[in-house]
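To keep things clear, I will list the structure first and then write my remarks on it.
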Amino acid sequence: MLAGILFALGVIGLLVRRNLVFVLMSIEIMLNAAGLAFITAGARWGQADGQVMFIFILAMAASEVSVGLALVLQLYHLNQSLDADRASAMRG
Amino acid sequence: MNVIAFYIAAVIAIVTTVLVITRKNAVQALLYLAISLISVAIVFYDLGAPFIAALEVIVYAGSIIVLFIFVVMMLNLGKRATVAEGKLLKARMWIGPSILAAILLGEVGYLLAKANAQAPAAHVISPREVGMTLYGPYLLGVELSSILLMGALVGAYHLGWYKRPRLEIEDVTREHATGAHAGRDTVRAGSNRPAGAA
């Protein structure tokens with residue numbers, strides 16, 4: 001229930017905001033909600049697998065956010081803006 | 093499992109997440125995001141996963157938030173940074189996260205005091221159990237995540253490396269403009285040095 005609410009909030013944030021930093025934060029919220037669902041399931045059945053999955057999600061989130069923030073910096077230096085709409089034109 | 097503590101932490105998590113996606117200021121949103129992650133960590137502790145709660149605080153609320161804050165600071169360099177600094181010191185900026193963090197701190201103290209008195213009712217999965225499972229059936233996943241982290245390291249390094257080529261191009265054009273001999277014939281491919289300059 002809580003995981004679903006948090007995931008829905010993350011999706012709303014991803015759709016509503018246009019600032020790239022906020023988009024990355026929303027992705028973090030969604031990953032966290034998915035991890036919460038794993039932990040809850042693991043606690044429900046008393047297995048450690050849910051926590052193992054959360055560790056994988058953690059590693060994935062850390063790598064994703066580092067690469068994502070590097071991309072944000074590159075985009076900011078490219079067109080001096082964090083607006084995702086202004087980055088829609090990709091010319092090689 | 094303590095039901096009251098769970099619901100308090102859950103309500104704080106939802107409220108702070110709503111505040112994260114509605115803030116205009118990135119630093120304020122990051123403060124609320126940190127509080128949200130810490131409250132989710134308390135939920136984890138309450139669900140019988142103390143190891144994961146510690147990892148959540150260390151990795152999410154620690155390193156990932158610090159990474160975000162570094163990027164936000166790097167993006168507002170210049171004149172606006174001092175204005176933002178003055179804005180940060182106003183009470184309106186930090187009073188909300190402080191109140192929520194104080195509630196969470198009280199909750200942690202309550203849970204710790206209670207944990208000393210009696211064992212929690214829910215089945216607590218110990219770090220040892222998690223480790224045995226992680227390096228047993230999930231060994232392939234560990235290797236894959238190590239590959240992923242390596243790729244992320246190289247990728248972030250490559251993407252964060254934007255200064256050097258631009259500076260080198262400027263250097264070469266300045267040398268060409270003044271007519272001085274460059275003294276080195278290795279020029280990056282794609283730089284705007286004319287072919288007959290050397």
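Chains as they are written, first to last, in the numbering used here: chain A, 1 to 92; chain B, 93 to 290.
Note that CB positions come from ideal geometry on N, CA and C, so glycine has one too.
Just confirm the distance between the C-beta atoms of residue 231(B) and residue 70(A), as a whole number of angstroms; I'd bet it's less than 8 Å.
For the purposes of this step, residue 231(B) is identified with residue 139 of the second sequence, where counting begins at 1. For the purposes of this step, residue 70(A) is identified with residue 70 of the first sequence, where counting begins at 1. So it is not a contact: roughly 30 Å between Cβ atoms.
I want to know whether the segment 216 to 233 of chain B touches the segment 48 to 58 of chain A - three or more CB-CB distances under 8 Å.
yes
Can a CB atom of chain A be found closer than 8 Å to the CB of residue 137(B)?
Working through the second sequence from its first residue, we reach residue 137(B) at position 45. By this cut-off, residue 137(B) is not an interface position.
Kindly confirm or deny that the segment 155 to 163 of chain B and the segment 236 to 244 of chain B touch, where touching means at least three C-beta pairs closer than 8 Å.
no
Taking residue 152(B) as the reference, give the member of 131(B), 141(B), 140(B), 165(B) with the closest Cα.
If you number the second sequence from 1, residue 152(B) lands on position 60. Ranking 131(B), 141(B), 140(B), 165(B) by Cα distance to residue 152(B) puts 131(B) first.
Assign residue 41(A) to one of three DSSP states: helix, strand, or coil.
Taking the first residue of the first sequence as position 1, residue 41(A) is located at position 41. Three-state result, residue 41(A): helix.
C-alpha gap between residue 206(B) and residue 216(B), whole angstroms
Position 114 of the second sequence, counted from the first residue, corresponds to residue 206(B). Position 124 of the second sequence, counted from the first residue, corresponds to residue 216(B). Computed Cα separation, rounded: 15 Å.
Continuous alpha helix (DSSP H) stretch holding residue 120(B): start and end
Sequence index remark: in the second sequence, residue 120(B) carries index 28 (1-based). Run containing residue 120(B): 118 to 138, per the alpha helix (DSSP H) assignment.
On the three-state DSSP scale, how would you describe residue 142(B)?
Position 50 of the second sequence holds residue 142(B). Residue state, collapsed to three classes: helix.
Tell me which residues share the same chain as residue 39(A) and place their Cβ nearer than 6 Å to its Cβ, disregarding the 5 neighbours each side in the sequence.
For the purposes of this step, residue 39(A) is taken as the residue at position 39 of the first sequence. These residues qualify, in order along the chain: 50, 54.
Would you tell me roughly how many angstroms separate the C-alpha atoms of residue 148(B) and residue 33(A), rounded to the nearest one?
As a position in the second sequence, residue 148(B) is number 56, starting the count at 1. As a position in the first sequence, residue 33(A) is number 33, starting the count at 1. The straight-line gap from Cα to Cα measures roughly 12 Å.
Measuring only from the beta carbon, is residue 197(B) closer than 7 Å to any heavy atom that is part of the ligand SAM?
Inclusion of the ligand SAM in the displayed structure is not the case, the ligand content being empty and no account of it being possible.
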